[in-house]
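Comments concern the structure below.
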Amino acid sequence: MQQAEKTEIRRAEVCDIPIIRSLADICFRHTYRTILSDGQMEYMMEWMYSEESLHRQMEEQGHVYFLCFSGDVPVGYVSVSPEGDDLFHLQKIYLLPDRQGSGLGRILFQTAVSHVKSVHPAPCTVELNVNRSNPAVGFYEHLGMTRARQGDFPIGNGFYMNDYIMSLKV
Numbered sequence: 270m271q272q273a274e275k276t277e278i279r280r281a282e283v284c285d286i287p288i289i290r291s292l293a294d295i296c297f298r299h300t301y302r303t304i305l306s307d308g309q310m311e312y313m314m315e316w317m318y319s320e321e322s323l324h325r326q327m328e329e330q331g332h333v334y335f336l337c338f339s340g341d342v343p344v345g346y347v348s349v350s351p352e353g354d355d356l357f358h359l360q361k362i363y364l365l366p367d368r369q370g371s372g373l374g375r376i377l378f379q380t381a382v383s384h385v386k387s388v389h390p391a392p393c394t395v396e397l398n399v400n401r402s403n404p405a406v407g408f409y410e411h412l413g414m415t416r417a418r419q420g421d422f423p424i425g426n427g428f429y430m431n432d433y434i435m436s437l438k439v
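This is the structure in structure tokens:
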């Protein structure tokens, strides 16, 4: 009988940027392979996951990343950042394709919410953007989030994010 690998979630540091980039190269591309054009995919990868962008997110924009490991293998990540007095934004939450449906996404989500509550004990809201064609919409609804609004948000280079903004009161 094979023993289950230990799952560990830990806060990421700047030195973990290569791990985040490596995971994103698989996870983000897999998630959006049938939703985004190749041009928009490359633009967004550079915009969100270049080394410079990740440094800026972590050091200047207040993004807090958490990495999920199964044994010693990194399998996913989540990031959250403050957006206002009582508003936080779950920026990213991704798992390797073969780990989706394993319960690790829920653990990453709960980690982000717990972080928000630890830095802001008063009632607040956590929001996230999710592409309207992304099947993860159902996952977020299952976790208690609601569709607060939707929009087509310009991100540069003529590209748009066609998203729902989902919301959770915590």
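Just add 269 to wherever you are in the sequence shown, counting from 1, and you've got my numbering.
Just so it is clear, CB atoms sit at the ideal spot from N, CA and C, and this is done for glycine as well.
Buried or exposed (CB count within 10 angstroms, at least 16 for buried), residue i
i: ASP421; result: exposed
i: GLN379; result: exposed
i: CYS393; result: buried
i: TYR429; result: exposed
i: ILE424; result: exposed
i: GLY374; result: buried
Presumed contact (8 Å Cβ cut-off) between residue i and residue j, rounded CB distance
i: HIS332; j: SER348; result: 5 Å
i: LEU397; j: HIS358; result: 7 Å
i: GLN419; j: TYR409; result: That belief does not hold up - the Cβ atoms of GLN419 and TYR409 are roughly 13 Å apart, past 8 Å.
i: GLU282; j: PHE338; result: GLU282 to PHE338, Cβ: 14 Å. No contact.
i: ILE436; j: ALA405; result: A small fix is needed here, since residue 436 is Ser in this sequence, not Ile. In fact, because the Cβ distance is near 15 Å, the residues do not count as touching under 8 Å.
Alpha-carbon spacing of residue i relative to residue j, whole angstroms
i: THR415; j: PRO287; result: 33 Å
i: ASN295; j: LEU365; result: Just to set this straight, residue 295 is Ile in the shown sequence, not Asn. Between ILE295 and LEU365, the C-alpha separation is close to 7 Å.
i: GLY482; j: VAL382; result: There is simply no residue 482 to check, as the chain begins at 270 and stops at 439 in what is shown.
i: GLN369; j: ILE362; result: 11 Å
i: SER291; j: VAL388; result: 29 Å
i: LYS386; j: SER402; result: 30 Å
i: GLU274; j: GLY427; result: 44 Å
i: ARG302; j: GLU329; result: 30 Å
i: GLN272; j: ASP285; result: With a pLDDT of only 49 at GLN272, under 50, the local geometry of the prediction cannot be trusted, and no value is derived from it.
Chain D contact for residue i (CB, 8 Å cutoff)
i: SER383; result: No chain D appears in this structure, which consists of one protein chain only.
Note down, one range per segment and in chain order, each beta strand (DSSP E) of at least 3 residues found wholly within the stretch 363–419. 394–400
Can at least three beta-carbon pairs, one atom from the stretch 343–358 and one from the stretch 289–305, be found at a separation below 8 Å? yes
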